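K.L.:
Encoded as structure tokens, here's the structure I'll be asking about.
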Amino acid sequence: TSAPTGGSGARGRRAWARGAASVAATASASAGPLLQPSVVRPSSSSSSTAGGALVGSTCAVGLAALAIFGVPGRPPAFAEEDDDGDVVMRLPPAALTAPRDGSRIFFWGIRNAFPFSEASGDALPEADMRSPTEALWFRRHAEATQRRWRQLAFGPSFGAARTDAGELFAWGSCRSKDGKGRIFLEPRPIVLDDLGDAGGAPIFSDVQCSESAIWALTVDGVVIVWERVPASISERAVSSSRPSGLTGGKRVNGLDRPVKDMSVGASHAAFLTEDGRVYCLGSNKCGECGADPAKTAVASSCRLIKFPRHVNPVVRVHCGKSHTVAVGAEGQVLSWGDDSKIQLGLGDTRSNCGDERPWEGSRGYINKVQTGEGM
Numbered sequence: 006t007s008a009p010t011g012g013s014g015a016r017g018r019r020a021w022a023r024g025a026a027s028v029a030a031t032a033s034a035s036a037g038p039l040l041q042p043s044v045v046r047p048s049s050s051s052s053s054t055a056g057g058a059l060v061g062s063t064c065a066v067g068l069a070a071l072a073i074f075g076v077p078g079r080p081p082a083f084a085e086e087d088d089d090g091d092v093v094m095r096l097p098p099a100a101l102t103a104p105r106d107g108s109r110i111f112f113w114g115i116r117n118a119f120p121f122s123e124a125s126g127d128a129l130p131e132a133d134m135r136s137p138t139e140a141l142w143f144r145r146h147a148e149a150t151q152r153r154w155r156q157l158a159f160g161p162s163f164g165a166a167r168t169d170a171g172e173l174f175a176w177g178s179c180r181s182k183d184g185k186g187r188i189f190l191e192p193r194p195i196v197l198d199d200l201g202d203a204g205g206a207p208i209f210s211d212v213q214c215s216e217s218a219i220w221a222l223t224v225d226g227v228v229i230v231w232e233r234v235p236a237s238i239s240e241r242a243v244s245s246s247r248p249s250g251l252t253g254g255k256r257v258n259g260l261d262r263p264v265k266d267m268s269v270g271a272s273h274a275a276f277l278t279e280d281g282r283v284y285c286l287g288s289n290k291c292g293e294c295g296a297d298p299a300k301t302a303v304a305s306s307c308r309l310i311k312f313p314r315h316v317n318p319v320v321r322v323h324c325g326k327s328h329t330v331a332v333g334a335e336g337q338v339l340s341w342g343d344d345s346k347i348q349l350g351l352g353d354t355r356s357n358c359g360d361e362r363p364w365e366g367s368r369g370y371i372n373k374v375q376t377g378e379g380m
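In this text, residue positions in the sequence shown follow our numbering: the first is 6, and each later residue adds one.
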């Protein structure tokens with residue numbers, strides 16, 4: 006089941022397109038957030054089978070993209086206006102591993118998150134990369150350690166990678182002191198200073214990036230987050246000593262059971278525990294963490310999302326930029342959070358001509374409560 010999604014072409018904002026989804030203009034009126042999970046009921050006349058909220062949720066971060074392993078394809082594109090006001094299509098950072106062994110990785114897109122390594126012989130990209138360019142550091146490391154690369158994730162100016170042994174590496178760039186160029190830091194191991202009672206060197210099964218942090222999931226179901234990554238990169242770039250790997254990291258508490266899956270958006274995250282419960286953490290400005298944003302702007306601790314009984318246990322959860330989508334035990338698709346571009350797939354609520362979602366949390370319901378406007 007998929008839901009229609011679209012984007013805006015306004016100046017300074019990026020409109021994403023993935024799969025069969027197209028960049029479309031939206032109505033001038035905006036819809037309010039949906040504050041609780043609601044079942045997505047796709048129109049029987051809809052012919053879209055791709056580009057829905059679940060499909061597009063992996064590109065929640067403005068410049069992020071998932072790696073493609075051995076499968077040729079195009080990364081999701083975004084449209085933006087250049088300095089002359091012309092609309093241009095660009096590619097976010099993406100990667101392609103060699104089909105056979107995963108020892109070579111190619112990048113293309115915005116150069117800020119490119120893992121440049123002068124010691125490995127990489128050529129510093131002077132502009133955004135229009136075609137796949139190999140990052141030689143990954144091949145050198147794979148040959149020296151007999152490791153293979155299994156996952157990559159990107160933030161706006163940094164990235165992270167995971168090997169088949171569950172090790173993590175991070176890299177990034179920042180502006181130079183004069184503000185005229187960029188300083189690139191090559192990939193370095195991510196160091197976990199303290200894992201509390203878990204102990205030992207953790208083995209990671211997943212790594213994802215938000216706008217400013219790196220999130221990782223261990224094979225034991227523990228979530229670790231390294232915050233303020235851009236600031237940390239800047240501090241290391243101006244250091245007189247040889248830049249070290251990313252350090253720190255803290256365990257995400259408030260989860261009753263081990264986590265079996267996670268999804269990270271631009272500024273919020275969702276965790277699915279082994280018993281099928283969903284917890285959200287982070288920004289709640291649009292209700293993406295399932296709370297009223299007028300009362301709770303940020304979910305500073307993990308917040309349990311309550312679903313109708315027949316939905317439990319939840320089997321999948323994904324984060325968009327400011328909304329969240331989950332799949333229930335019987336295949337139900339539920340969504341909540343920002344609906345300004347109808348990304349929740351719950352009907353058009355942007356106009357005053359009627360509300361297709363006459364239940365709590367919809368724009369029509371919110372207007373009724375706040376102004377007495379009929380639904």
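The beta-carbon is built from N, C-alpha and C at its ideal position, and this holds for glycine as well. Quick caveat: nothing in here was measured; it's all calculated off a predicted structure.
Suppose contacts are defined by Cβ-Cβ distances below 9 Å. Is Ser-215 in contact with Gly-160 by that definition?
P.N.:
Closer than 9 Å, so yes.
K.L.:
Suppose the cutoff is 6 Å on Cβ atoms and the five residues either side in sequence are ignored; what does the same chain contact list for Asp-133 look like?
P.N.:
If we look at Asp-133 and ignore the five residues flanking it on each side, its Cβ neighbours are Ile-115, Arg-116.
K.L.:
Determine the DSSP secondary structure at Val-196, reduced to helix, strand or coil.
P.N.:
If DSSP states are grouped into helix, strand and coil, Val-196 belongs with coil.
K.L.:
Go through its chain and collect everything with a Cβ distance to Leu-309's Cβ below 7 Å, but skip five positions before and after it.
P.N.:
Excluding residues within five positions, the ones whose Cβ falls inside 7 Å are Arg-282, Tyr-284.
K.L.:
Which residues bound the alpha helix (DSSP H) around Ser-239?
P.N.:
Segment 234-242, the alpha helix (DSSP H) holding Ser-239.
K.L.:
Where does the unbroken alpha helix (DSSP H) through Phe-143 begin, and where does it stop?
P.N.:
Note, Phe-143: alpha helix (DSSP H), 141-150.
K.L.:
How many whole angstroms separate the CB atoms of Pro-137 and Trp-113, which I take to be in contact at a CB cut-off of 8 Å?
P.N.:
5 Å between Cβ atoms; contact.
K.L.:
From the DSSP output, in three-state form, read off Thr-301 for me.
P.N.:
Of the three classes helix, strand and coil, the one that applies to Thr-301 here is coil, per DSSP.
K.L.:
Do the segment 139-153 and the segment 117-127 touch if we need at least three Cβ pairs shorter than 8 Å?
P.N.:
Taking 8 Å as the limit for Cβ pairs, the verdict is that the segment 117-127 does touch the segment 139-153.
K.L.:
Given a threshold of 16 other Cβ atoms within 10 Å of its Cβ, counted over all protein chains shown, does Ala-65 qualify as buried or as exposed?
P.N.:
Confidence at Ala-65 is low in this model, with a pLDDT of 33, below 50, so the placement of that residue should be treated as unreliable; the coordinate-derived value is given next. By the neighbour-count rule (16 or more Cβ atoms within 10 Å), Ala-65 is buried.
K.L.:
So which of Phe-119, Val-196, Gly-164, Asp-344 has the shortest CA-CA distance to Arg-135?
P.N.:
Arg-135 has its Cα closest to that of Phe-119, out of Phe-119, Val-196, Gly-164, Asp-344.
K.L.:
How is Ala-206 classed by DSSP in three states: helix, strand or coil?
P.N.:
In the structure shown, Ala-206 sits in coil (DSSP, three-state: anything other than H, G, I, E or B).
K.L.:
Counting beta carbon pairs with one atom in the segment 189-200 and one in the segment 253-262, are three or more of them shorter than 8 Å?
P.N.:
Output reads yes: the segment 189-200 touches the segment 253-262.
K.L.:
Given that a residue counts as buried once 16 or more other Cβ atoms are within 10 Å of its Cβ, and exposed if not, what is Asp-225?
P.N.:
When all chains shown are included, Asp-225 counts as exposed.
K.L.:
Run the CB neighbour count on Ser-48, radius 10 Å, all protein chains shown included, and call it buried at 16 or more, exposed below.
P.N.:
Residue confidence for Ser-48 is low, a pLDDT of 40 falling below 50, so the modelled location carries little weight; the figure read from the coordinates is stated next. Exposed.
K.L.:
For a quick check, are the C-beta atoms of Phe-163 and Ser-178 less than 9 Å apart?
P.N.:
In this structure, Ser-178 lies closer than 9 Å to Phe-163 by Cβ.
K.L.:
Taking Gln-213 as the reference, which of Gly-270, Gly-295, Ala-331, Gly-350 has the closest Cα?
P.N.:
For the residues Gly-270, Gly-295, Ala-331, Gly-350, the minimum Cα distance to Gln-213 belongs to Gly-270.
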